[in-house]
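Below is one structure; the comments refer to it alone.
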Amino acid sequence: MSEAIKLFQYNTLGALMAGLYGGTLTVGELLEHGDLGLGTLDSIDGELIVLDGKAYQAKGSEGKVEVVEVSPDEKVPYAAVVPHQAEVIFRQRYEMTDKELEDRIESYYDGVNLFRSIKIKGHFKHMHVRMIPKSNPDIKFADVATRQPEYEVDDISGTIVGIWTPEMFHGVSVAGYHLHFISDDLTFGGHVMDFIIENGIIEVGPVDQLDQRFPVQDRQYLFAKFNVDEMREDITKAE
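What the sequence shown shows, in full-length UniProt numbering, is residues 1 to 239, in sequence order.
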C-alpha cells in the first residue's frame, strides 16, 4: 500500500480571523511536512508561498511588490503544506479566465469532499493579487483586509500554488480555492484575486489525510473565545 498523502495544516483560518496573528511554528518545521502550500507570516506580514520545497514571502512595500525567500527561523501563525503528487495533469492551450479554468479543474474531481493540492505553471495574460499588511492583533482580520494593497500585472510567467477545500471544512480553511502566485523571476506574487491564463500545465494532487496541528503552547489560542458564525463570515469576506 502506498503511503498516505497528508495535508499538514497549522492552526486554522478561523483563529486568524479572530486576531491570533503571532507566529508559533517555524518555517523550517513547516517545510518538513510538504513542498507546496501557502499561509502567512508572523503578525500577518504578507503572503507565504511554498513552491518546490522553498518558502517565499510576498508583500506590498511603498507601492510595489517585494518577494523574498523566507528564513527557516521565521514563524507562521497559519499555513498549509502538502507533499504534492500530481494525480491529474493537463495542458491548457488557450486563453481562459480563472473561473473558467477552475471549472475545468473541478471536472476532473472524483467527488467533492476531499482536499486537493493545486499547481498551475504557465504564462498569464493578466494577474491580480493582494497582500495582507502587517497588523496588530487588536484589529480584526476582516478589517485589515479592507486596506490590503492590490497589484495587477500583464504578460507574466509564474506558478500558482494552492489548496482546494471541501465546503464542510469552511472555517478550518476557506471552502473552494485558496491560491497564491509567484513569478518565475521571483519579483511578483501574492494572494490570487483573479487572472487570465494564456497557456500552462495544471496539476491536481490528491489528499488522503488531514494532519491538523494546533499551537498547543500558545495560551492566547488556548483561551480564545470564537464566534463561529462571525468567523465563517469573515473568512468568506477576507479570502
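C-beta atoms are modelled at their ideal positions from N, C-alpha and C, and glycine is treated no differently.
Distance between residue j and residue i (C-alpha atoms, nearest Å)
i, j, result
"H191", "L179", "6 Å"
"K134", "D184", "25 Å"
"H126", "I156", "7 Å"
"S107", "W164", "13 Å"
"L36", "V81", "5 Å"
"P137", "T236", "19 Å"
"V204", "D154", "25 Å"
"V129", "I160", "11 Å"
"K99", "E62", "31 Å"
"F226", "S71", "32 Å"
"E230", "R213", "23 Å"
"E152", "T187", "13 Å"
"F195", "E29", "32 Å"
Within 8 Å, strictly: CB atoms of residue i and residue j
i, j, result
"A4", "L31", "no"
"T26", "E74", "yes"
"V50", "G60", "no"
"E87", "Y177", "no"
"Y78", "Y10", "yes"
"L41", "A224", "no"
"I132", "A142", "no"
"L13", "S173", "yes"
"I197", "Q85", "no"
"residue 243", "K140", "No answer is possible for residue 243: the residues shown for the chain start at 1 and end at 239."
"M96", "E150", "no"
Rounded Cβ spacing between residue i and residue j (contact assumed at less than 8 Å)
i, j, result
"L222", "P166", "With a Cβ gap of about 27 Å, L222 and P166 do not count as contacting."
"I118", "G46", "Contact flag wrong, Cβ pair sits at about 21 Å."
"A58", "I182", "7 Å"
"V67", "G189", "5 Å"
"R232", "G158", "About 31 Å; that fails the 8 Å criterion."
Proximity test, Cβ basis, 8 Å: residue i and chain D
i, result
"E198", "In the displayed structure, chain D is absent; only one protein chain is listed."
Cβ-heavy atom distance, residue i to the ligand GTP, below 7 Å
i, result
"E3", "What this structure holds is no ligand at all, so the ligand GTP is not there to describe."
Task: Contained beta strand (DSSP E) runs [length at least 3] in the region 73-113, N- to C-terminal order - done: Listed in chain order, they are 78-82 and 88-92.
Open item on the list: Pairs of beta-carbons, one from the region 5-20 and one from the region 208-223, closer than 8 Å: are there three or more?
Closed with: Contact annotation: the region 5-20 touches the region 208-223, with at least three C-beta pairs closer than 8 Å.
Open item on the list: Just to confirm the assignment: which complete beta strand (DSSP E) runs, minimum length 3, are found wholly within the region 163-191?
Closed with: Runs found: 176-183.
TODO: Please list the segments of the alpha helix (DSSP H) lying wholly inside the region 198-226, counting only runs of 4 or more residues, in order along the chain.
DONE: Counting whole runs of 4 or more residues, the region 198-226 contains the alpha helix (DSSP H) stretches 219-222.
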